[in-house]
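The block underneath contains the structure these notes are about, expressed in structure tokens.
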Amino acid sequence: MARRRVQISTTTILGVLALGVVVCLTLGTLIAVAMRAEGAGRLGPADWAAIRFTLWQAAASATLSILLAIPVARALARRSFPGRSVLITLLGAPFILPVIVAILGLIAVFGRTGLISQALGLFGIEPISVYGYHGVILAHVFFNLPLATRLILQGWLAIPSERFRLAASLGMGPSDIARTLERPMLREVVPGAFLVIFLICLTSFAVALALGGGPKATTVELAIYEAFRFDFDLARASLLALVQFALGAALALIALRVAMPSDMGAGLDRAVTRWDDRPALLVQDIAAITLATLFLLLPLGMVILDGLPRLLHLPQVVFGAALRSVIVALVSAALTLALSLPIAALAVRHNSRVVEALGYLTIAASPLVIGTGLFIITFPFVKPSDLALPITAIVNAALSLPFTLRALVPALAAVERDYGPLADGLGMTGLTRLRHLWLPRLRRPMGFALGLAAALSMGDLGVIALFADGDNATLPLQLFRLMAAYRMEDAAAAALLLLSLSLLLFWIFDKGGRVNADR
Amino acid sequence: MLTVDQLRIKMGDFSLLGDFTITPGARVAVLGPSGAGKSTLLAAIAGFQPLDAGAILWDAQPMPKDPAARPISMVFQDNNLFPHLTVAQNVGLGLRPNLRLSDEDHTSVAQALTRVGLEGMGDRKPAQLSGGQIARVALARVLLRDRPVLLLDEPFGALGPALKAEMLALVRDLLNETGATLLMVSHDPEDARVLCDQVVLVADGVAHAPVATEEMFANPPEVMREYLGG
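Protein chains in written order, with the numbering used here: chain C, 1 to 519; chain G, 1001 to 1230.
Written as structure tokens, this is what we have:
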């Protein structure tokens, strides 16, 4: 009796402690920000412009991503072809792709000296520029078109195949099927997908930092950064941080009322058999898939092509930054696991919805807001740049939580459902249960979670930009500095290094969870 | 002595009442239509099912809340072995839940495995075993747990007739050696005839007091007749 009580309370205490850390990081920093912002004046015209631009670019990016994703998802839903499953896997890759790497790739394709400008130049047309609002939106579409495609594809494949058979036996053509089966499905799926992407675009600092700026393309987060770095106006940065949090919180409240899709569903590996094929549809599908693939792979291909020649001749400072990044990523991954396992245990044991709430809290909280808060709290005592790396590791651990929890909680719930009574009956409690039941049974989701957290942290260019000075840059920040100095060849090589390290970290952890895992 | 004292369980539309005593060393079959609450009764006795009223008593004392502290070994329908542990480790859990096994413990584990006919299989993983062998491992652990009450929740349901007869014979031998009290859920009345001297009938929301097996089959009550058919 006593033992069980002790065990329940250990789980509860650890879980509540972990939750406390997350709440302190999100809401605690917000309080610090709010106290500091009191002295600030009202929002000026530039601030209102930033708010307008933030909302506008998020709406435009989400709309475009979804409009473009629909034909791609439809094509993937109804066509089987060699490489289809590879392509679908690739559609999941942008999630762990360092933002700054993708941006460099996009510049290589869409920039002033990029592939498209060069091609236009052959016809004597002026080169295009990727900087400004359209660059921000382009990058957001690059990142979210794959996500939108996967979410909508799930909707398509969730339509029971019997319905398509029924449609075929009733002699329905493509437009009839669209009206009776596909559009109702889209009405279900699209609002959730739109909100997810809108939220992502609301808090994507790195894109705005690299491609935005100026009066027409400054987001709230970029404005926070500029208030910090250029003016060292903490009061204004705090005020803007409050605005950013309010935007995120408002969106999260709306999201609570809409069924949010999850990209964790399996089973995208089969196509729907249909009987309404037309040659025109085949052409349309081939075009959609080809264009989407080119749009996603060309920038990455350019990073690899441009980066390879100078990869081994990178300046020493880049390798130093890479080493720092790997260490930060490993620490951050370990922290994520140390936070998410107790929270998952708490959620499973008490059957609570704390995980969902936490997911929305960390999505609504922007890393820049957390960073501002931590800066305000720490800088009276410590030199902020000394804390740059630890804070980067901690903040990234917290921001990875919604994703790692989504992998761990269902897995732990299944373990407890299947083996909980047996373990209870045998008296396996506390550390014994952790060591002999949870850790061995959770290897796969833990490997995935660690890989995800490591890759996300490896590629992060958020808090670090606020805190770092010359000596302690991470690889993404170093890469950004190379780009800002127009050393594009070195930048491309650094980007290739960053890309390889991120994917490698993810692969090692994910693989480590699979090797020798007993089913 | 195991007492089900004024037991009441309610889950939505489902409810289960019970008030009876099982004599020490009895071998009791728990029979009844599916969904009547046979497994729920066992879960309540084992401590997995919260009670709305009443209590489960052992020698007139309320049982501890912790399932592991109860005088009970239980074998479930499935998931009796941890797939990531070896056969020997799965059995060893019956001695040390933290798996810190002494040399003496290892010897006991090997002996228990030999007793159930699995000599030398200690290093295998459950995935390498047949259904019958998995049941034997679970019984080897029951031996080491050495508790006065054994609860079997249809653990041999998925085995073929010959294999099931073999397992029932093994259970009988183990009970003869240990003198433990048995409660076994089954949907096959034949199991009751083979192994059990008493029957608890669970039907219409009530777990009835045990009746001698011969009596039950010679003069089945109405619900039992319906359940048996014909």
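We put the CB at the ideal spot given by N, CA and C, even for glycine.
Can a CB atom of chain G be found closer than 7 Å to the CB of residue i?
i         : result
LEU426(C) : yes
HIS436(C) : yes
PRO440(C) : yes
PRO445(C) : no
LEU499(C) : no
VAL6(C)   : Bear in mind that a pLDDT of 43 at VAL6(C), under 50, signals an unreliable position, so the number given afterwards is only what the model happens to contain. No - not a single Cβ of chain G is within 7 Å of the one on VAL6(C).
VAL515(C) : no
MET1(C)   : With a pLDDT of only 35 at MET1(C), under 50, the local geometry of the prediction cannot be trusted, and the value read off the model is given with reservation. For MET1(C), the answer is yes, since a Cβ of chain G falls inside 7 Å of its Cβ.
ALA266(C) : Residue confidence is low: ALA266(C) scores 49 on pLDDT, short of 50, so the model does not pin down where it sits. No coordinate-derived value is stated.
Give the range of the alpha helix (DSSP H) segment to which residue i is assigned.
i          : result
GLY92(C)   : 84–92
GLY192(C)  : 183–202
VAL220(C)  : 220–229
GLN244(C)  : 234–257
ALA60(C)   : 45–78
ASP469(C)  : Careful: ASP469(C) lies outside any alpha helix (DSSP H) and carries neither H nor E.
GLU1226(G) : 1222–1228
PHE1217(G) : 1213–1218
GLU1166(G) : 1161–1178
Along the chain, where does the beta strand (DSSP E) that runs through residue i open and close?
i          : result
TRP1058(G) : 1053–1058
SER1073(G) : 1072–1075
MET1011(G) : 1002–1011
PHE164(C)  : First-last for PHE164(C): 161–169, but that is the alpha helix (DSSP H), not the beta strand (DSSP E).
GLY952(G)  : Residue coverage of chain G in this structure runs from 1001 to 1230, which leaves residue 952(G) outside it and unanswerable.
ASP1153(G) : 1149–1153
ARG1027(G) : 1027–1031
THR1181(G) : 1181–1185
ALA1203(G) : 1198–1203
Keeping to the same chain, check which residues put their C-beta closer than 7 Å to that of residue i; ignore five residues upstream and five downstream.
i          : result
ASP523(C)  : Within the shown structure, residues of chain C are numbered from 1 to 519, placing residue 523(C) beyond reach of any answer.
PRO1220(G) : LEU1228
PRO1024(G) : MET1001 and THR1181
VAL433(C)  : The question names Val, yet the displayed sequence has Arg at residue 433(C). ALA423.
ALA266(C)  : Because ALA266(C) carries a pLDDT of 49, less than 50, the predicted location of this residue cannot be relied on, and no value is offered for it.
Ignore the nearest five residues each way along the sequence and tell me which others in residue i's own chain have a CB closer than 6 Å to its CB.
i         : result
VAL318(C) : GLN478 and ALA494
ALA364(C) : GLY248, ALA249 and ALA252
ILE117(C) : Note that residue 117(C) is Ser in the sequence shown here, rather than Ile. If we look at SER117(C) and ignore the five residues flanking it on each side, its Cβ neighbours are PRO127 and ILE128.
ALA455(C) : ILE96, SER502, LEU505 and PHE506
MET483(C) : ALA491
ALA333(C) : LEU450, ALA453 and ALA454
Does any residue of chain C bring its CB to less than 7 Å from the CB of residue i?
i          : result
ALA1068(G) : yes
ASN1090(G) : no
List the residues of chain C whose Cβ lies closer than 7 Å to the Cβ of residue i, in chain order.
i          : result
GLY1117(G) : Simply none; closest approach about 22 Å.
ALA1046(G) : GLY425
ASN1079(G) : ASP418, TYR419 and LEU422
Could you work out which residues of chain G lie near residue i, taking near to mean beta carbons separated by less than 8 Å?
i         : result
THR432(C) : PRO1097, ASN1098 and LEU1099
Output, in chain order, the set of chain G residues within a Cβ distance shorter than 7 Å of residue i.
i         : result
PRO342(C) : By Cβ distance, chain G contributes nothing, its closest Cβ being about 20 Å from PRO342(C), past 7 Å.
PRO421(C) : PHE1048 and PHE1076
Below 9 Å on C-beta distance, what does residue i contact in chain C?
i          : result
GLY1094(G) : LEU426
For residue i, I'd like the list of residues in its chain whose CB is within less than 8 Å of its CB, leaving aside the five on either flank, ordered along the chain.
i          : result
THR362(C)  : VAL22, THR26, ALA398, LEU399, LEU401 and PRO402
GLY1122(G) : THR1086, VAL1087, ALA1088, VAL1091, VAL1109, ALA1110 and LEU1113
ILE112(C)  : Checking the sequence, you will find Arg at residue 112(C) rather than Ile. Once the five neighbours on either side are set aside, the close Cβ partners of ARG112(C) are PRO127, ILE128, SER129 and VAL130.
ARG1136(G) : VAL1116, GLY1117, LEU1118, MET1167 and LEU1170
ALA37(C)   : ALA235, SER238, LEU239, ALA241 and LEU242
Tell me, please, whether the CB atom of residue i is closer than 7 Å to any CB atom in chain A?
i         : result
ILE107(C) : The chain labelled as chain A is not found among the protein chains of the depicted structure, namely C and G.
task = Counting only runs of 4+ residues fully inside the segment 271–333 of chain C, write out the alpha helix (DSSP H) ranges in chain order.
result = 279–307
inquiry  = Going residue by residue through the segment 1100–1130 of chain G, where are the continuous alpha helix (DSSP H) segments of at least 4 residues, counting only ones entirely within it?
reply    = 1103–1115
Minimum length 4: unbroken alpha helix (DSSP H) runs contained in the segment 337–423 of chain C = 354–364 and 367–378
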